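S.K.:
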Amino acid sequence: MRFFADYHTHSKYSDGRATISEMAKAARKQGLEEIAITDHGPRNIGTGVKNTEQYLKIRTEARKVSEELGDFKVLCGAEANIVDLEGGIDVPKKIYQELDLLLVGLHPYILPNDLETAWEYVLKNRLHKHLGGIRRKVVNTNTKTLVEAMYKHDVDIISHPGLEMPLNLEEVARACAATDTAYEINVGHNYQNPADIVQVARHGVKFVVDSDAHFTETVGKLDKGLALLTQAKVPPEQVLNAKP
Ligand SMILES: [Zn+2]
Ligand SMILES: [Zn+2]
0 MRFFADYHTH SKYSDGRATI SEMAKAARKQ GLEEIAITDH GPRNIGTGVK NTEQYLKIRT
60 EARKVSEELG DFKVLCGAEA NIVDLEGGID VPKKIYQELD LLLVGLHPYI LPNDLETAWE
120 YVLKNRLHKH LGGIRRKVVN TNTKTLVEAM YKHDVDIISH PGLEMPLNLE EVARACAATD
180 TAYEINVGHN YQNPADIVQV ARHGVKFVVD SDAHFTETVG KLDKGLALLT QAKVPPEQVL
240 NAKP
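Residue numbers for the sequence shown follow numbering that gives the first Met the number 0, beginning at 0 and rising by one.
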């Protein structure tokens, strides 16, 4: 199995350190054929895009870099945040439908839509590590909002599921299969284990292996994902960015 794309990377438009062109060239050096620039939604405190109009600028720049490189494609997407308990996200449909792909991820440091979300989602996700008793409630809240987001929006990939913010993987996997949403193996954060991947794969879910690179040094380096897929015996047909 070999990877031909990296669908989760960041640029200077959010908290990445490199330009779109620098990220693309670095990925091409790694032997990839395409990448997606997927900068953080505006509600990520201190790290998001200035506003969602920025995505249209990123898209224009991505197309230009694609044309310059010729043999390498640069897609433009967004890594949106969940901002309320009903699965609302911080990138509106009129913007994300103009992009090549939509990622949705749970992040602990966001500006939520309302006080209830601030309490149930933002605060409790920070507290559960210290207060074990609320963990189950946190898992329920996180799972419910993510599943609702998948049904409500045209989500292509859920980014780093279960990182820092715990989920019921069984329910998430079922929703991924039902809504045709890919489940990400996130090499950048490198926190996943083969048992979880086996559990998710059983539902016929499609996977994608991404770097979540914020620097040119890490873009397209997906070998750890290959090791995980091999251990979990996931065939290349079940991986969106892999070829046999
Ligand atoms: Zn993320
Ligand atoms: Zn990211």
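Idealized CB from N, CA, C, for every residue including glycine.
Keep in mind the model is a prediction, meaning the values are calculated, not measured.
Report yes or no: do three or more beta-carbon pairs, one from the stretch 67-83 and one from the stretch 31-48, lie closer than 8 Å?
M.R.: Enough Cβ pairs lie closer than 8 Å, so yes.
S.K.: Does E196 pass the burial test, meaning 16 or more other C-beta atoms within 10 Å, or should it be called exposed?
M.R.: Here residue 196 refers to the residue found at position 197 when the sequence shown is read from its first residue. Note on identity: in this sequence residue 196 is Ile, with Glu being the wrong assignment. That one is buried.
S.K.: Please give the ranges of any alpha helix (DSSP H) in the stretch 50-92, keeping only runs that are unbroken, at least 4 residues long and fully inside the region.
M.R.: With a minimum length of 4 residues, the continuous alpha helix (DSSP H) runs that stay inside the stretch 50-92 are 53-68.
S.K.: DSSP puts I34 in a beta bridge; with which residues?
M.R.: On the sequence shown, residue 34 is found 35 positions in, with the first residue counted as 1. According to DSSP, I34 bridges with D5 and V73.
S.K.: Ligand 1 heavy atoms versus the CB of E163: any closer than 7 Å?
M.R.: Residue 163 sits at position 164 when you count from the first residue of the sequence shown. Outside the cutoff, so no.
S.K.: My parser needs the beta strand (DSSP E) runs of 3 or more residues fully inside the stretch 90-169; what are they?
M.R.: Runs found: 100-104 and 156-158.
S.K.: Helix, strand or coil: which one does DSSP assign to A194?
M.R.: Mapped onto the sequence shown, residue 194 falls at position 195. Three-state DSSP puts A194 in a helix.
S.K.: Grab me the residues of T51's own chain with a C-beta within less than 7 Å of its C-beta, minus the 5 sequence neighbours each way, in chain order.
M.R.: Within the sequence shown, the letter at position 52 stands for residue 51. Around T51: P41, V90, P91 and I94.
S.K.: Taking only the alpha-carbon atoms, compute the straight-line gap between A61 and T18 and give it to the nearest angstrom.
M.R.: In the sequence shown, the residue the question calls residue 61 occupies position 62. In the sequence shown, the residue the question calls residue 18 occupies position 19. Taking the straight line joining both Cα atoms gives about 10 Å.
S.K.: Cα separation between K24 and H9?
M.R.: Position 25 of the sequence shown, counted from the start, is the residue given in the question as residue 24. Position 10 of the sequence shown, counted from the start, is the residue given in the question as residue 9. About 14 Å.
S.K.: Using a Cβ-Cβ cutoff of less than 8 Å, which residues in the same chain neighbour Q191 once the five nearest sequence positions on both sides are dropped?
M.R.: Translated into positions along the sequence shown, residue 191 becomes position 192. Correct list, in chain order: G161, I184, N185 and L227.
S.K.: What I want to know is whether the C-beta of E85 ends up closer than 7 Å to one or more non-hydrogen atoms of ligand 3.
M.R.: In terms of ligand content, the structure shown lacks ligand 3 and carries ligand 1 and ligand 2 instead.
S.K.: Once DSSP output is grouped into helix, strand and coil, what is the label at A226?
M.R.: In the sequence shown, the residue the question calls residue 226 occupies position 227. Residue state, collapsed to three classes: helix.
S.K.: Please report how far the alpha carbon of L130 lies from the alpha carbon of W118, in whole angstroms.
M.R.: Residue numbering aside, residue 130 sits at position 131 when the sequence shown is read from its first letter. Residue numbering aside, residue 118 sits at position 119 when the sequence shown is read from its first letter. Going from the Cα of L130 to the Cα of W118 covers about 15 Å.
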